[in-house]
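Protein chains: 2
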Amino acid sequence: MMFTAMKRRLLLVSNSTLHGGGYLDHCQQQISDFFGKDVRRVLFVPYALHDRDAYTKTARNKFQTLGYEVDSLHEAEDPVLAVRKAEGIFIGGGNTFRLLKSLYDSKVVIEIRKRVMEDGVPYMGSSAGTNVATISISTTNDMPIVYPPTFAAIGLVPFNINPHYLDHNSSSRHMGETREQRITQYHEEADTPSVLGLREGSMLLVEGNKATLLGTTKARLFTRGKQTVEYDPGSDLSFLLTDAH
Amino acid sequence: MMFTAMKRRLLLVSNSTLHGGGYLDHCQQQISDFFGKDVRRVLFVPYALHDRDAYTKTARNKFQTLGYEVDSLHEAEDPVLAVRKAEGIFIGGGNTFRLLKSLYDSKVVIEIRKRVMEDGVPYMGSSAGTNVATISISTTNDMPIVYPPTFAAIGLVPFNINPHYLDHNSSSRHMGETREQRITQYHEEADTPSVLGLREGSMLLVEGNKATLLGTTKARLFTRGKQTVEYDPGSDLSFLLTDAH
Chain A
12 MMFTAMKRRL
22 LLVSNSTLHG
32 GGYLDHCQQQ
42 ISDFFGKDVR
52 RVLFVPYALH
62 DRDAYTKTAR
72 NKFQTLGYEV
82 DSLHEAEDPV
92 LAVRKAEGIF
102 IGGGNTFRLL
112 KSLYDSKVVI
122 EIRKRVMEDG
132 VPYMGSSAGT
142 NVATISISTT
152 NDMPIVYPPT
162 FAAIGLVPFN
172 INPHYLDHNS
182 SSRHMGETRE
192 QRITQYHEEA
202 DTPSVLGLRE
212 GSMLLVEGNK
222 ATLLGTTKAR
232 LFTRGKQTVE
242 YDPGSDLSFL
252 LTDAH
Chain B
12 MMFTAMKRRL
22 LLVSNSTLHG
32 GGYLDHCQQQ
42 ISDFFGKDVR
52 RVLFVPYALH
62 DRDAYTKTAR
72 NKFQTLGYEV
82 DSLHEAEDPV
92 LAVRKAEGIF
102 IGGGNTFRLL
112 KSLYDSKVVI
122 EIRKRVMEDG
132 VPYMGSSAGT
142 NVATISISTT
152 NDMPIVYPPT
162 FAAIGLVPFN
172 INPHYLDHNS
182 SSRHMGETRE
192 QRITQYHEEA
202 DTPSVLGLRE
212 GSMLLVEGNK
222 ATLLGTTKAR
232 LFTRGKQTVE
242 YDPGSDLSFL
252 LTDAH
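Protein sequence lines correspond, in order, to chains A and B.
Take our numbering: the last position of the first sequence gets the number 256, and nothing is skipped along the way.
Take our numbering: the last position of the second sequence gets the number 256, and nothing is skipped along the way.
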């Protein structure tokens, strides 16, 4: 497991679009650095949105400006074979329940894990695509619009992420639970892993057993039974990759 | 079905606490009107929160000021029997996934439905307790911290509710989906029922086949393929109880 995890390369982005910018603009340098020159074609997974054709067009247009061709998993006759041949994978955001159910329906969960963990195929996720890269989707912000066969996800890292992490607005009169309260409720359940709250603008780069926080915003780490901790961009978060988390 | 539904009595509250007030303060008059003089003891379901003892104490204290004794389902040796003997039922808020899973674990879903629909036992829900009274929990705002055996809920009404409905704040720089976008994603799925967005401060009173919006805030109705509609407090929403919704 240590050996295979050495090959793992992940770019887990909190959000696809940052306020005032275009699609993936805020992380385009990191995308180029991440996929590099060896990857020519990226396999895109548009399952999180309803209109897969339109979503693929959006992703294709953006990736082409960065020098990558995009194949979409929903256009593949054999999804498992498409994953088996992929040079790089990008799973986009949308509804996490819809995304996870579709991944199981098309039977690609195990194959994606294998390609990333054993073959070192680079995996980029954004928002829902970041949720499904973790142990489970239990810390998504999305509505449960469809029922997936399990909340267990692809499991490329041994912790959970909360994308679009949002600080409590103390001037708000809204009484629904804050994001922090929701994550605290998760940790009231037994044996729940750490949750990395990735604020919009932040992303996690994982290379083998090394994890680094990138982007422009801090991240907030929630660990069951411990105080929450803030991390600045550039922080080494490799400790999250050990089994204890 | 028409005959049994005639007995149904529900008070479905958006939120347990309104900004600046105490627990259930904003709806205490409606609670008294709803349970009336014939009900002496209310069966409370504290499953949505982790600390069931503390939650029961909170509910018990409040209901005693209104003249009702509270029995808690988690204190019952036989939960099904407790439901069978209940004069009135109140399911409180918290995490909807935890609540629904616990309801199935303790095998009371069918019994609650039977008591309410066939015997006319008054049912009050707040927040998560309102979610589980509807067709499904697919329009909850909560995190999926545990995996219930289904998203199908008690089904006392043939539509869904989004409690704590929140209007988009146009000054926000947050790019996560708005509540309206999330409900729209739900309606992209086939055969999805109407969703009544109950803003904090509002509640729905159902008496047989009559439904009335109560409280101090408007509600927003989302129906698949139709324009959304706003309803003022006092509006007759009985049309939601027909099978078409």
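Heads up, the beta-carbon is just placed ideally off N, CA and C, and yes, glycines get one too.
A quick note: this is a predicted structure, and the numbers were derived from the prediction, not measured.
Query, Result
"CA-CA distance, MET12 (chain A) and THR228 (chain A)?", "Confidence is the limiting factor: at MET12 (chain A) the pLDDT is only 47, short of 50, which leaves the residue's position unreliable, though a coordinate-based value still follows. Straight-line Cα distance between these residues: approximately 32 angstroms."
"Nearest to PHE45 (chain B) by CA position, among B:ALA59, B:GLY31, B:VAL24, B:ALA65, is which residue?", "B:VAL24"
"Show which residues of chain B have a CB atom less than 9 angstroms away from the CB atom of LEU29 (chain A).", "ARG184, MET186"
"Using a Cβ cut-off of 8 angstroms (strictly closer), state whether MET12 (chain B) contacts chain A.", "Because the pLDDT of MET12 (chain B) is 46, which lies under 50, any placement of that residue in the model is unreliable, and the question is left without a value."
"Is GLN196 (chain B) close to chain A? Criterion is C-beta to C-beta, closer than 8 angstroms.", "yes"
"With a threshold of 8 angstroms between beta-carbons, can ASN171 (chain A) be considered close to chain B, or not?", "no"
"By the three-class DSSP mapping on this structure, what secondary structure does MET17 (chain B) have?", "coil"
"Which residues mark the beginning and the end of the alpha helix (DSSP H) in which GLU122 (chain A) is found?", "120-130"
"Hey, does ARG235 (chain A) have any beta-carbon neighbour from chain B nearer than 8 angstroms?", "no"
"THR234 (chain B) by DSSP, collapsed to three states: which one?", "coil"
"Under 7 angstroms Cβ-Cβ, which residues of chain B neighbour SER149 (chain A)?", "MET154, PRO155, ILE156"
"Report the rounded CA-to-CA distance for HIS198 (chain A) versus GLY208 (chain B), giving the unit in angstroms.", "28 angstroms"
"Give me the chain B residues within the contact set of ILE161 (chain A), using Cβ-Cβ distance strictly less than 9 angstroms, ordered along the chain.", "Going by the sequence as given, residue 161 (chain A) is Thr instead of Ile. Here the neighbours are TYR158."
"Say whether chain B places a C-beta atom closer than 8 angstroms to the C-beta of ASN106 (chain A).", "yes"
"Taking C-beta to C-beta, are VAL143 (chain A) and LEU114 (chain A) nearer than 8 angstroms?", "yes"
"May I ask you to list the residues that DSSP assigns as paired with ASP82 (chain B)?", "B:LEU54"
"How is the beta strand (DSSP E) around LEU111 (chain B) delimited, first residue to last?", "Premise fails: LEU111 (chain B) lies in the alpha helix (DSSP H), 107-116, not in any beta strand (DSSP E)."
"Roughly how many angstroms lie between the CA atoms of LYS237 (chain B) and ALA87 (chain B), to the nearest whole one?", "45 angstroms"
"DSSP has GLU218 (chain A) in a bridge; who is on the other side?", "A:ARG20, A:LYS221"
"Using the beta-carbon of each residue, which ones in chain B are nearer than 8 angstroms to LEU248 (chain A)?", "The contacting residues do not exist; LEU248 (chain A) stays about 22 angstroms from chain B at best."
"What number of angstroms, rounded off, separates the C-alpha of PRO169 (chain B) from the C-alpha of ALA65 (chain B)?", "33 angstroms"
"If you reduce the DSSP assignment to three classes, tell me which class HIS175 (chain A) lands in.", "strand"
"Which two residues bound the contiguous beta strand (DSSP E) that contains VAL206 (chain B)?", "206-210"
"By alpha-carbon positions, which one of A:LEU225, A:THR239, A:ARG235, A:THR234 ends up nearest to ASP247 (chain A)?", "A:LEU225"
"Got a sec: is the Cβ-Cβ distance from ASN72 (chain B) to anything in chain A below 8 angstroms?", "no"
"How is ALA97 (chain B) classed by DSSP in three states: helix, strand or coil?", "coil"
"For MET12 (chain B), which three-state DSSP category applies?", "Here the model assigns MET12 (chain B) a pLDDT of 46, short of 50, so the residue's position is not dependable, and the following value carries that caveat. Three-state result, MET12 (chain B): coil."
"Within the 8 angstroms Cβ cut-off, does ASN142 (chain A) reach chain B?", "no"
"Let's test the definition: count the other Cβ atoms within 10 Å of the Cβ of THR239 (chain B) and tell me whether it reaches 16, buried, or not, exposed.", "exposed"
"Just how far apart, CA to CA, sit MET135 (chain A) and ILE156 (chain A)?", "24 angstroms"
"For HIS61 (chain A), which residues in chain B fall below 9 angstroms Cβ to Cβ?", "GLN196, GLU199, GLU200"
"Do ARG126 (chain B) and ALA59 (chain B) have their C-beta atoms within less than 8 angstroms of each other?", "no"
"Who are the Cβ neighbours of PRO3 (chain B) in its own chain at under 6 angstroms, not counting the five residues just before and after it?", "Here chain B comprises residues numbered 12 to 256, so residue 3 (chain B) is not present and cannot be evaluated."
"When you compare only the Cα positions, how much space is there between ASN220 (chain A) and HIS185 (chain B)?", "31 angstroms"
"Which word fits GLN40 (chain A), buried or exposed, when buried means at least 16 other C-beta atoms lie within 10 angstroms of its C-beta?", "exposed"
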